[in-house]
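Have a look at the structure below before the remarks.
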(Lines of atoms letter the chains of each structure in order from A and count residues from 1; the text may use other names and numbers.)
(Lines give C-alpha, C1' and ligand atoms only; values in the text may rest on other atoms or scores of the structure.)
Protein backbone atom coordinates (compact mmCIF):
# COMPACT_ATOMS: atom_id res chain seq x y z
CA UNK A 1 0.00 0.00 0.00
CA UNK A 2 2.83 2.40 0.85
CA UNK A 3 4.62 1.60 -2.40
CA UNK A 4 1.48 2.22 -4.46
CA UNK A 5 0.82 5.53 -2.73
CA UNK A 6 4.46 6.58 -3.16
CA UNK A 7 4.31 5.59 -6.84
CA UNK A 8 1.24 7.76 -7.40
CA UNK A 9 2.92 10.72 -5.72
CA UNK A 10 6.09 10.26 -7.78
CA UNK A 11 4.15 10.02 -11.05
CA UNK A 12 2.30 13.22 -10.17
CA UNK A 13 5.55 15.02 -9.33
CA UNK A 14 7.19 13.79 -12.54
CA UNK A 15 4.29 15.16 -14.60
CA UNK A 16 4.40 18.56 -12.84
CA UNK A 17 8.20 18.70 -13.12
CA UNK A 18 8.08 18.14 -16.89
CA UNK A 19 5.35 20.75 -17.27
CA UNK A 20 7.25 23.40 -15.30
CA UNK A 21 10.56 22.57 -17.02
CA UNK A 22 8.95 23.01 -20.44
CA UNK A 23 7.37 26.33 -19.42
CA UNK A 24 10.72 27.61 -18.10
CA UNK A 25 12.66 26.42 -21.13
CA UNK A 26 10.37 28.37 -23.48
CA UNK A 27 9.57 31.35 -21.27
CA UNK A 28 7.65 33.97 -23.32
CA UNK A 29 8.50 37.64 -23.58
CA UNK A 30 5.07 38.52 -22.21
CA UNK A 31 3.82 35.84 -19.76
CA UNK A 32 0.28 37.24 -19.96
CA UNK A 33 0.01 36.72 -23.73
CA UNK A 34 1.95 34.17 -25.75
CA UNK A 35 2.27 34.43 -29.50
CA UNK A 36 1.41 31.53 -31.78
CA UNK A 37 5.09 30.64 -32.21
CA UNK A 38 5.62 30.68 -28.43
CA UNK A 39 2.65 28.36 -27.93
CA UNK A 40 4.11 25.88 -30.42
CA UNK A 41 7.51 26.11 -28.73
CA UNK A 42 6.24 25.49 -25.19
CA UNK A 43 4.07 22.57 -26.31
CA UNK A 44 7.08 21.07 -28.06
CA UNK A 45 9.18 21.40 -24.89
CA UNK A 46 6.65 19.49 -22.73
CA UNK A 47 6.29 15.70 -23.17
CA UNK A 48 2.85 15.19 -24.68
CA UNK A 49 2.35 18.95 -24.74
CA UNK A 50 0.34 18.86 -27.96
CA UNK A 51 -2.49 17.16 -26.02
CA UNK A 52 -2.41 19.41 -22.94
CA UNK A 53 -5.23 21.91 -22.38
CA UNK A 54 -4.06 25.49 -22.72
CA UNK A 55 -5.47 26.29 -19.27
CA UNK A 56 -2.86 24.05 -17.61
CA UNK A 57 0.01 25.83 -19.32
CA UNK A 58 -1.50 29.23 -18.49
CA UNK A 59 -1.94 28.35 -14.81
CA UNK A 60 1.67 27.17 -14.52
CA UNK A 61 2.83 30.30 -16.31
CA UNK A 62 0.94 32.47 -13.82
CA UNK A 63 2.44 30.48 -10.95
CA UNK A 64 5.97 31.04 -12.27
CA UNK A 65 5.23 34.73 -12.91
CA UNK A 66 4.14 35.20 -9.27
CA UNK A 67 7.38 33.56 -8.11
CA UNK A 68 9.37 35.85 -10.41
CA UNK A 69 7.63 38.97 -9.11
CA UNK A 70 8.46 38.03 -5.51
CA UNK A 71 12.05 36.84 -6.03
CA UNK A 72 13.14 38.86 -9.11
CA UNK A 73 14.16 35.64 -10.88
CA UNK A 74 12.68 32.50 -12.37
CA UNK A 75 12.54 29.30 -10.30
CA UNK A 76 15.01 26.53 -11.00
CA UNK A 77 12.39 23.75 -11.11
CA UNK A 78 9.11 22.62 -9.61
CA UNK A 79 10.78 21.76 -6.29
CA UNK A 80 11.63 25.42 -5.75
CA UNK A 81 8.24 26.54 -7.01
CA UNK A 82 6.06 24.30 -4.80
CA UNK A 83 6.22 23.06 -1.20
CA UNK A 84 6.62 19.40 -0.35
CA UNK A 85 3.54 17.37 -1.35
CA UNK A 86 1.15 16.26 1.35
CA UNK A 87 0.34 12.56 1.41
CA UNK A 88 -3.34 11.83 2.16
CA UNK A 89 -4.26 9.58 5.05
CA UNK A 90 -5.71 6.58 3.29
CA UNK A 91 -5.14 2.87 2.72
CA UNK A 92 -5.04 1.66 -0.88
CA UNK A 93 -6.39 -1.83 -0.30
CA UNK A 94 -6.58 -2.50 -4.04
CA UNK A 95 -2.78 -2.95 -3.95
CA UNK A 96 -3.14 -5.89 -1.53
CA UNK A 97 -3.98 -9.54 -2.00
CA UNK A 98 -6.19 -11.86 0.01
CA UNK A 99 -3.56 -12.24 2.75
CA UNK A 100 -4.00 -8.60 3.71
CA UNK A 101 -7.65 -7.72 2.94
CA UNK A 102 -10.85 -9.28 1.61
CA UNK A 103 -14.37 -8.00 0.89
CA UNK A 104 -17.57 -10.02 0.56
CA UNK A 105 -21.19 -9.01 0.02
CA UNK A 106 -23.93 -10.29 2.29
CA UNK A 107 -26.00 -13.12 0.84
CA UNK A 108 -29.19 -11.93 2.59
CA UNK A 109 -28.81 -8.12 2.57
CA UNK A 110 -27.70 -6.68 -0.79
CA UNK A 111 -26.77 -3.32 0.76
CA UNK A 112 -24.34 -4.88 3.24
CA UNK A 113 -20.72 -5.92 2.70
CA UNK A 114 -18.02 -7.10 5.07
CA UNK A 115 -14.46 -5.84 4.73
CA UNK A 116 -11.78 -7.84 6.56
CA UNK A 117 -8.25 -6.49 6.76
CA UNK A 118 -5.18 -7.05 8.86
CA UNK A 119 -4.08 -4.18 11.09
CA UNK A 120 -1.09 -3.99 13.45
CA UNK A 121 -1.66 -4.27 17.19
CA UNK A 122 1.44 -2.19 17.99
CA UNK A 123 3.13 0.86 16.38
CA UNK A 124 6.19 -1.17 15.30
CA UNK A 125 5.02 -4.64 14.20
CA UNK A 126 7.93 -7.07 13.99
CA UNK A 127 6.27 -10.43 13.35
CA UNK A 128 3.02 -11.98 12.12
CA UNK A 129 1.66 -12.21 15.67
CA UNK A 130 1.69 -8.41 15.85
CA UNK A 131 -1.12 -8.26 13.30
CA UNK A 132 -4.78 -9.12 13.73
CA UNK A 133 -7.83 -9.41 11.48
CA UNK A 134 -10.40 -6.61 11.85
CA UNK A 135 -13.94 -6.80 10.44
CA UNK A 136 -15.47 -3.60 9.06
CA UNK A 137 -19.15 -3.73 8.01
CA UNK A 138 -19.91 -1.48 5.02
CA UNK A 139 -23.29 -0.14 3.93
CA UNK A 140 -23.53 0.10 0.15
CA UNK A 141 -25.69 2.76 -1.52
CA UNK A 142 -28.87 1.58 -3.27
CA UNK A 143 -27.36 2.45 -6.67
CA UNK A 144 -25.06 -0.59 -6.45
CA UNK A 145 -26.82 -3.51 -8.21
CA UNK A 146 -27.50 -6.62 -6.16
CA UNK A 147 -25.49 -8.80 -8.59
CA UNK A 148 -22.48 -6.45 -8.72
CA UNK A 149 -19.06 -7.73 -7.73
CA UNK A 150 -17.38 -5.42 -5.22
CA UNK A 151 -13.63 -4.84 -5.15
CA UNK A 152 -11.24 -3.85 -2.40
CA UNK A 153 -11.85 -0.20 -1.53
CA UNK A 154 -9.70 2.77 -0.58
CA UNK A 155 -10.16 3.50 3.12
CA UNK A 156 -9.81 7.11 4.22
CA UNK A 157 -10.61 9.27 7.26
CA UNK A 158 -13.18 12.06 6.92
CA UNK A 159 -13.59 14.03 10.11
CA UNK A 160 -14.29 11.46 12.81
CA UNK A 161 -15.51 8.79 10.40
CA UNK A 162 -13.79 6.13 8.32
CA UNK A 163 -15.14 5.92 4.77
CA UNK A 164 -14.53 3.35 2.07
CA UNK A 165 -14.53 4.19 -1.65
CA UNK A 166 -15.80 0.90 -3.10
CA UNK A 167 -15.49 0.06 -6.78
CA UNK A 168 -17.75 -2.57 -8.35
CA UNK A 169 -18.39 -4.25 -11.69
CA UNK A 170 -21.59 -5.76 -13.05
CA UNK A 171 -22.83 -7.19 -16.33
CA UNK A 172 -24.81 -4.87 -18.59
CA UNK A 173 -27.35 -6.42 -21.01
CA UNK A 174 -27.00 -5.75 -24.69
CA UNK A 175 -28.80 -2.60 -25.73
CA UNK A 176 -31.92 -3.02 -27.83
CA UNK A 177 -33.41 -0.34 -30.08
CA UNK A 178 -37.03 -1.35 -29.37
CA UNK A 179 -39.16 -2.32 -26.41
CA UNK A 180 -38.11 0.45 -24.03
CA UNK A 181 -40.53 1.66 -21.36
CA UNK A 182 -38.50 4.55 -19.83
CA UNK A 183 -37.61 7.66 -21.80
CA UNK A 184 -35.75 10.86 -20.98
CA UNK A 185 -36.82 14.14 -22.55
CA UNK A 186 -34.32 17.01 -22.74
CA UNK A 187 -35.27 20.57 -23.67
CA UNK A 188 -32.98 23.52 -24.40
CA UNK A 189 -33.47 26.86 -22.64
CA UNK A 190 -31.80 30.23 -22.27
CA UNK A 191 -31.46 30.37 -18.49
CA UNK A 192 -30.92 26.72 -17.51
CA UNK A 193 -29.43 25.52 -20.81
CA UNK A 194 -30.95 22.03 -20.38
CA UNK A 195 -34.00 20.72 -18.53
CA UNK A 196 -34.71 17.00 -18.40
CA UNK A 197 -37.58 14.83 -17.27
CA UNK A 198 -38.09 11.06 -17.31
CA UNK A 199 -41.33 9.21 -18.11
CA UNK A 200 -42.41 5.57 -17.97
CA UNK A 201 -44.91 3.79 -20.22
CA UNK A 202 -47.01 1.16 -18.44
CA UNK A 203 -48.53 -1.98 -19.93
CA UNK A 204 -51.97 -0.35 -20.15
CA UNK A 205 -50.58 2.52 -22.23
CA UNK A 206 -50.45 5.10 -19.42
CA UNK A 207 -47.41 7.40 -19.25
CA UNK A 208 -46.32 8.70 -15.86
CA UNK A 209 -43.52 11.08 -14.92
CA UNK A 210 -40.59 9.88 -12.80
CA UNK A 211 -39.42 12.35 -10.16
CA UNK A 212 -39.38 16.14 -10.44
CA UNK A 213 -36.88 16.40 -13.31
CA UNK A 214 -33.45 17.97 -13.36
CA UNK A 215 -31.67 21.00 -14.77
CA UNK A 216 -28.18 21.47 -16.20
CA UNK A 217 -26.93 24.90 -15.19
CA UNK A 218 -23.76 26.43 -16.62
CA UNK A 219 -24.14 30.09 -15.72
CA UNK A 220 -20.40 30.71 -15.41
CA UNK A 221 -19.55 29.13 -18.75
CA UNK A 222 -22.45 30.87 -20.49
CA UNK A 223 -21.37 34.24 -19.09
CA UNK A 224 -17.89 33.68 -20.46
CA UNK A 225 -19.35 32.57 -23.77
CA UNK A 226 -21.46 35.73 -24.04
CA UNK A 227 -18.42 37.86 -23.15
CA UNK A 228 -16.33 36.22 -25.86
CA UNK A 229 -19.12 36.72 -28.38
CA UNK A 230 -19.26 40.43 -27.49
CA UNK A 231 -15.48 40.72 -27.88
CA UNK A 232 -15.66 38.88 -31.22
CA UNK A 233 -18.34 41.24 -32.52
CA UNK A 234 -16.40 44.32 -31.35
CA UNK A 235 -13.25 43.10 -33.11
CA UNK A 236 -15.15 42.62 -36.37
CA UNK A 237 -16.78 46.04 -36.02
CA UNK A 238 -13.40 47.72 -35.50
CA UNK A 239 -11.89 45.84 -38.43
CA UNK A 240 -14.72 46.91 -40.73
CA UNK A 241 -14.35 50.52 -39.57
CA UNK A 242 -10.59 50.55 -40.25
CA UNK A 243 -11.27 49.10 -43.70
CA UNK A 244 -13.79 51.84 -44.51
CA UNK A 245 -11.48 54.60 -43.28
CA UNK A 246 -8.61 53.33 -45.48
CA UNK A 247 -6.06 55.23 -43.42
CA UNK A 248 -2.46 53.90 -43.71
CA UNK A 249 -1.84 55.02 -40.14
CA UNK A 250 -4.35 52.39 -38.99
CA UNK A 251 -2.71 49.47 -40.79
CA UNK A 252 -0.82 48.42 -37.65
CA UNK A 253 -3.99 48.31 -35.55
CA UNK A 254 -5.83 46.45 -38.31
CA UNK A 255 -3.05 43.84 -38.46
CA UNK A 256 -3.23 43.36 -34.68
CA UNK A 257 -6.98 42.83 -34.85
CA UNK A 258 -6.55 40.39 -37.73
CA UNK A 259 -4.33 38.24 -35.47
CA UNK A 260 -6.65 38.52 -32.46
CA UNK A 261 -9.85 37.47 -34.26
CA UNK A 262 -8.72 33.84 -34.96
CA UNK A 263 -7.60 33.45 -31.35
CA UNK A 264 -10.96 34.55 -29.99
CA UNK A 265 -12.70 32.30 -32.53
CA UNK A 266 -10.63 29.31 -31.41
CA UNK A 267 -11.31 30.11 -27.75
CA UNK A 268 -15.05 30.21 -28.43
CA UNK A 269 -14.89 26.93 -30.34
CA UNK A 270 -13.01 25.16 -27.52
CA UNK A 271 -15.44 26.52 -24.94
CA UNK A 272 -18.45 25.38 -26.95
CA UNK A 273 -16.98 21.91 -27.40
CA UNK A 274 -16.26 21.56 -23.68
CA UNK A 275 -19.76 22.73 -22.81
CA UNK A 276 -21.31 20.29 -25.29
CA UNK A 277 -19.37 17.36 -23.84
CA UNK A 278 -20.37 18.34 -20.28
CA UNK A 279 -24.04 18.64 -21.27
CA UNK A 280 -23.96 15.28 -23.07
CA UNK A 281 -22.34 13.61 -20.07
CA UNK A 282 -25.01 15.12 -17.82
CA UNK A 283 -27.79 13.85 -20.09
CA UNK A 284 -26.34 10.32 -20.04
CA UNK A 285 -26.06 10.38 -16.24
CA UNK A 286 -29.69 11.50 -15.96
CA UNK A 287 -30.81 8.71 -18.30
CA UNK A 288 -28.91 6.09 -16.30
CA UNK A 289 -30.29 7.43 -13.01
CA UNK A 290 -33.82 7.23 -14.40
CA UNK A 291 -33.32 3.64 -15.52
CA UNK A 292 -33.48 4.44 -19.22
CA UNK A 293 -31.32 2.56 -21.73
CA UNK A 294 -28.69 4.71 -23.44
CA UNK A 295 -28.42 3.92 -27.17
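Residue numbers (this note's numbering): 34 to 328. Beta carbons: idealized from backbone N, C-alpha and C, even for Gly.
- Remark: C-beta atoms of residue 71 and residue 61 approach each other more closely than 7 Å.
- Residue environment for residue 132: exposed (fewer than 16 other C-beta atoms within 10 angstroms of its C-beta).
- Put simply, the backbone Cα of residue 95 is about 25 Å away from that of residue 290.
- Counting the other CB atoms within 10 Å of its CB gives residue 249 a total of 16 or more, which places it among the buried residues.
- Cβ atoms of residue 234 and residue 128 stay farther apart than 8 Å, at about 47 Å.
- Beta-bridge pairing by DSSP links residue 228 to 220, 248.
- Excluding the 5 residues flanking it on each side, residue 64 has same chain C-beta neighbours closer than 6 Å at 94, 98, in chain order.
- Around the beta carbon of residue 122, fewer than 16 other beta carbons sit within 10 angstroms, so the residue counts as exposed.
- Taking one beta carbon from each stretch, the stretch 248-268 and the stretch 294-302 have 3 or more pairs nearer than 8 Å; the two touch.
- Sixteen is the threshold: since fewer than 16 other Cβ atoms of the shown chains lie within 10 Å of the Cβ of residue 279, the residue is exposed.
- Inclusion of residue 184 and residue 200 in the CB contact set at 7 Å is warranted, their separation being smaller than that value.
- Assignment of residue 79 by DSSP, reduced to helix, strand and coil, places it in the coil class.
- Between the alpha carbons of residue 263 and residue 218 lies a gap of roughly 32 Å.
- Distance from the CA atom of residue 297 to the CA atom of residue 115, rounded to whole angstroms, is 32 Å.
- Setting aside the 5 residues that flank it on each side, residue 168 is surrounded in the same chain by 147, 148, 149, each with a C-beta closer than 8 Å to its C-beta; the list follows chain order.
- Per the DSSP secondary-structure output, residue 195 pairs in a beta bridge with 190.
- In this structure, residue 213 keeps its C-beta atom at 7 Å or more from the C-beta atom of residue 181.
- About 13 Å separates the beta carbon of residue 215 from that of residue 229, a gap too long to meet the 8 Å contact definition.
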